[in-house]
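Everything on this sheet refers to the single structure shown next.
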Amino acid sequence: MSKHRSLSYARARLYLGITNVGFWVCLSSVVLGLGWAGQYFPTHPLAGKKLVVSLCIFLGGYIALQAPFDWLGGYLVPKAYRRYYGDFSDFVTNWLRGVSVQFLVLLMVAVSWQMFADWFPWIATGWMVLLLAVQMHLARLVGNFQSRGEFAWKSLDDAFTGGIAGLPGFQKPIFVTGRGQRLRAMDERRRNYLQRMILPSLGILLAVLFNLAGLLLASVMVHFPLNSVAGLVEIAMWFTIWSFLGLLILPSMSRPAVYAGDYALFSKGVSQEEFTQYLQSDPSQSGEESRGTWVERIFHPVPSPDNRIRAWGTAPGWSGCWHAARYALFLSWAGLSLLNRSVHCNIGKPNVWVLLPCD
0 MSKHRSLSYA
10 RARLYLGITN
20 VGFWVCLSSV
30 VLGLGWAGQY
40 FPTHPLAGKK
50 LVVSLCIFLG
60 GYIALQAPFD
70 WLGGYLVPKA
80 YRRYYGDFSD
90 FVTNWLRGVS
100 VQFLVLLMVA
110 VSWQMFADWF
120 PWIATGWMVL
130 LLAVQMHLAR
140 LVGNFQSRGE
150 FAWKSLDDAF
160 TGGIAGLPGF
170 QKPIFVTGRG
180 QRLRAMDERR
190 RNYLQRMILP
200 SLGILLAVLF
210 NLAGLLLASV
220 MVHFPLNSVA
230 GLVEIAMWFT
240 IWSFLGLLIL
250 PSMSRPAVYA
260 GDYALFSKGV
270 SQEEFTQYLQ
280 SDPSQSGEES
290 RGTWVERIFH
300 PVPSPDNRIR
310 AWGTAPGWSG
320 CWHAARYALF
330 LSWAGLSLLN
340 RSVHCNIGKP
350 NVWVLLPCD
């Protein structure tokens, strides 16, 4: 990136994410306000081939409308800032792989909604549990990672930070290869502390409850039978708007858990100098070492490096729910939210659609 460029890579992605999220929220509002679901999709129950075709039209439209944003976020903007490490064919191949896997998952979710509409809340909850159970395997399918051991993955895109995958009680830490033995050891210690404090489990619980509340509310708001495609489309639109509220609310629940993990390192004897080097080694920070208060409060579940260094050695007032905001986005696949891959950290990047960037 040129040193004279006024707009940082992180800020360019933030504006793109705001535009992408705003597009889907506005479109969802228009669809609901003008009653387009009932005009363009069947309002009575379907079965067999007709049901699958109608659902494919809906999901295909989602993919088509999201594609330009994916191209910008996954290829054009990273390339402009010299943050893309392949060519256009690599982007297309990885994008097609990720989209195909997600399309199949969303199609299965949609079909199950139609077949078991009377048990809609239980079906939605079951899908969230299943997504968590297969999260690690799904991440491999969608993100096309190179593995060095079961829990050490390599990605060409530096947005990938690893994470903690799986159901509470069965979670596995995923690490990024190539960060060096000392930094890898710091990652392992930090994520072990987080798991012992059950903060990832609390994040998952909050994400599941938040999504379930939104789906229940959406099911009350629809004008058509829940076992009709028009009803499903309206639920997806309402849930998209609910997911947008989550983008505003849940980061404030997530940030305290990041500070709690930092404090665990401090209490185990890690020095501020070591911690600063650890943060500086993370390329996913995108050069945004500091942020304005409101930008961070609204858009970022992970505090900026400057804020984390300033808070070093200070115990947080409460421990929060680790990455509830980003767990909710992944689990929103179970509700057909159109925002699940439209935020600034994962637009056009299949390697972080399932395991979103974390601290």
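In numbering that gives the first Met the number 0, the protein residues as written are 0 to 358.
Built from N, CA and C at the ideal position, the CB exists for glycine as well.
Computed from a predicted structure; not experimentally measured.
Asked	Found
Close beta carbons around residue 150, own chain, < 7 Å, minus the five adjacent residues each side	171, 172, 173, 174
Cβ-Cβ distance between residue 85 and residue 155 below 7 Å	yes
Euclidean distance between Cα positions of residue 221 and residue 236	10 Å
Entirely enclosed beta strand (DSSP E) segments - the segment 143-216, minimum 3 residues	151-153, 162-164, 171-175
Alpha helix (DSSP H) segment containing residue 305, residue limits	304-309
From 217, 23, 315, 281, residue whose alpha carbon lies closest to that of residue 259	315
Test item: CB-CB of residue 127 and residue 335 under 7 Å	no
Close-in-space but distant-in-sequence residues of the same chain around residue 277 (CB under 7 Å, 5 per side omitted)	182, 185
Beta-carbon proximity list for residue 271, same chain, < 6 Å, skipping 5 on both sides	311
Contact under 7 Å by Cβ, residue 305 with residue 287	no
Beta-carbon gap between residue 143 and residue 96 smaller than 7 Å	yes
At least three beta-carbon pairs within less than 8 Å, the segment 221-233 to the segment 28-44	yes
Residues that residue 44 bridges to, as DSSP identifies them	227
Reduced DSSP secondary structure (H/G/I, E/B, other) of residue 342	coil
Sub-7 Å separation of residue 138 and residue 354 beta-carbons	yes
C-alpha distance - residue 280 paired with residue 178, whole-angstrom precision	8 Å
Residue burial classification, residue 244 (beta-carbon count within 10 angstroms, cutoff 16)	exposed
Neighbourhood of residue 122 by C-beta distance below 8 Å, restricted to the same chain and skipping five residues each side	111, 112, 115
Of the residues 75, 63, 140, the one placed nearest residue 15, counting alpha carbons only	75
Residues near residue 215 in its chain [Cβ-Cβ closer than 7 Å; skip 5 each side]	120
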